[in-house]
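Read the structure below first, then the notes.
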Amino acid sequence: MSKLQDLQLRYADLVARFGVNLQPGQNVLISAEVVTRDFVALLVESCYRAGAGLVQIQWEEPCTKRAHMLHAPDTAIDSIPEFEKARYQQLTREKWARIALSSEEIPTYLDDVNPNRLSRQRRARARAFKGYIEAQMSLQFQWCVIAVPTLAKAKQVFPDLTPEEGLGKLWDLVLQMVRADREDPVAAWRAHDAQLKKVAAYLAKHSVRAIRYFDPAPAEDGKPSTDLTVGLTDEPLWVGGSGFTPEGVEFMANMPTEEVFCTPHRMKAHGWTRTSKPIYPLQREVLGAYFRFENGECVEARAKQGEAVLQQFLEIDGARRLGEVSLVDVRSPVNQTGLVFFDTLFDENASCHIAFGKAYSECVEGAEKMSEDERVAFGLNHSDAHEDFMIGTPTMDVLGVSADGRTIDIMRAGRFVDAIFA
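So for the sequence shown, the numbering used here puts the first residue at 23; every next one is plus one.
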């Protein structure tokens with residue numbers, strides 16, 4: 023067995039035993055593109071060794087999905103078959119663990135699809151699987167999103183290398199960023215988790231009720247690139263690193279993860295910001311986006327590339343308001359690579375970001391006992407979408423406003439202040 027194969031096996035074991043932390047007899051669903059079949063085979067073995075009851079694969083194939091989005095009748099775009107709804111109801115009811123592989127065989131396969139059809143399909147799936155999505159976002163079961171490199175992704179990230187050379191280099195980086203190359207990967211993850219939880223504890227200690235992202239670097243209009251203040255709810259919970267199911271099962275939803283995040287109040291965003299990395303609403307690339315907010319709503323949006331896709335995304339119910347604010351130190355291992363990965367799983371862990379759309383109920387004290395109407399009244403945004411948009415830079419400061427009006431230093435020049443870790 024080569025060194026790479028050994029590390030890939032360690033990665034698969036880490037995901038099964040620590041990422042989703044499979045419990046004895048628990049079933050698991052793995053969703054992946056067919057191009058990742060070799061790693062999926064390792065992952066299935068790891069899940070069974072970890073005690074899984076049943077492992078099921080949900081295969082995805084870009085060419086057939088593209089054909090569906092281009093040629094299917096409107097009725098097939100705007101609705102979901104009943105058997106598929108029943109499947110997700112069973113997954114939710116029986117609390118199957120979920121592992122999703124972020125990987126692409128053809129990154130541009132949806133580029134010639136009408137954005138309106140993409141948006142309509144997104145809405146249809148969000149509504150059909152509403153119960154499942156809510157259960158996932160409120161941590162009712164374990165889930166973990168990971169990345170598996172492909173030749174096409176390697177070519178995107180390393181355009182000056184041959185695809186084979188780039189693939190090897192990308193595997194090296196992924197294995198480093200998920201800590202699978204460490205002598206004791208789980209111990210390394212627990213140490214990292216403790217640091218993220220120190221940030222969350224600091225923000226809770228100072229009763230932070232609003233976040234101001236401020237980047238003084240001048241934009242084309244001469245104003246600071248970002249000056250955005252986002253208010254939180256009255257009972258915010260800052261989250262970083264691992265999460266817990268109601269039964270107390272710990273798991274890591276994203277590998278890698280470098281963020282600490284919270285749920286904003288849907289009516290309390292004011293100011294403007296710009297994206298610092300590519301974003302992928304409706305699975306299409308958008309570059310150089312600008313957003314301006316008033317009373318929580320995005321009232322102006324434009325982009326240097328992909329504006330039509332962006333505007334179509336914002337037409338989704340609730341997508342003009344925020345569902346997440348997130349803090350990521352520029353010293354994160356992902357950011358230190360100096361690369362753009364063209365994959366939100368990595369790029370969101372290199373940069374502070376905000377998410378448009380559905381709010382995470384886990385970030386509000388007592389939200390699990392609220393009805394949907396009560397959550398909206400409390401300030402949580404409801405939407406058929408949830409999409410991360412990266413805004414952080416090495417020149418960005420982040421300030422907090424406490425419940426009693428004090429200003430708290432959180433980040434300076436993209437770095438968490440030393441007081442957090444003192």
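The beta carbon of each residue, even a glycine, is placed where N, CA and C say it ideally should be.
Residues of the same chain with a CB within less than 6 Å of the CB of ALA169, apart from the 5 flanking positions on each side, are SER124, VAL196 and LEU367 in chain order. Taken through DSSP and simplified to helix, strand or coil, VAL439 comes out as coil.
DSSP places VAL331 inside the alpha helix (DSSP H), whose first and last residues are 329-336. For PHE438, the closest of VAL347, MET418 and ASP133 by C-alpha to C-alpha distance is MET418. In this structure MET91 is buried. Its beta-carbon is surrounded by 16 or more other beta-carbon atoms within 10 angstroms. Under the three-state reduction of DSSP output, LYS290 falls in the strand class.
Secondary structure of CYS320 (DSSP, three-state): strand. Counting of Cβ neighbours within 10 angstroms places THR429 among the exposed residues, the total staying below 16. Residue pairing of TRP81 in beta bridges, as defined by DSSP: ALA54. Where MET433 is concerned, the enclosing beta strand (DSSP E) starts and stops at 429-434. With fewer than 16 neighbouring CB atoms inside 10 Å of its own CB, SER24 falls in the exposed class. Taking a cut-off of 8 Å for Cβ pairs, the segment 75-82 and the segment 133-144 do not touch, as fewer than three such pairs fall below it.
The shortest C-alpha to C-alpha distance from ARG204 to any of GLY436, GLN30 and ILE432 is the one to GLN30.
ALA311 is positioned such that its CB atom lies closer than 8 Å to that of ILE301. Nearest Cα to GLU126 within the set ARG314, THR58, VAL350 and ARG201: THR58. Here VAL347 is near ILE233, since their CB atoms are less than 8 Å apart. Counting along the chain, GLU269 sits inside no alpha helix (DSSP H), nor does DSSP assign it H or E at all. Across the set SER53, ALA210, ARG139 and ILE99, the C-alpha of ARG139 shows the shortest separation from the C-alpha of PHE335. Inter-segment contact for the segment 379-399 and the segment 316-334 is absent: fewer than three beta-carbon pairs are separated by less than 8 Å.
Closest option to SER229, judged by alpha-carbon separation, among LEU421, ALA34 and GLN27: LEU421.
Here PRO137 is near ALA330, since their CB atoms are less than 8 Å apart. When DSSP states are grouped into helix, strand and coil, MET412 belongs to the strand group.
For VAL221, the enclosing alpha helix (DSSP H) begins and ends at 207-227. PRO286 counts as buried, since no fewer than 16 other beta carbons sit within 10 angstroms of its beta carbon. Beta-bridge analysis with DSSP links CYS284 to VAL347.
In terms of Cβ geometry, ALA381 and ILE338 do not form a close pair [threshold 8 Å]. In the structure shown, ASP406 adopts coil according to DSSP, grouped into three states.
In this structure, MET277 lies away from GLY427, with their beta-carbon atoms at least 8 Å apart. Rounded to the nearest angstrom, the Cβ distance from THR415 to SER298 is 5 Å, consistent with a contact under 8 Å. At a Cβ-Cβ threshold of 8 Å, GLY379 and MET289 do not count as neighbours. When secondary structure is reduced to three states using DSSP, ASP369 falls in the helix class.
A direct Cα-Cα distance of roughly 20 Å separates ALA34 from LYS175. When rounded, the separation of the alpha-carbon atoms in LEU192 and GLU281 is 22 Å. Per DSSP, the unbroken beta strand (DSSP E) holding GLY379 starts and ends at 375-379.
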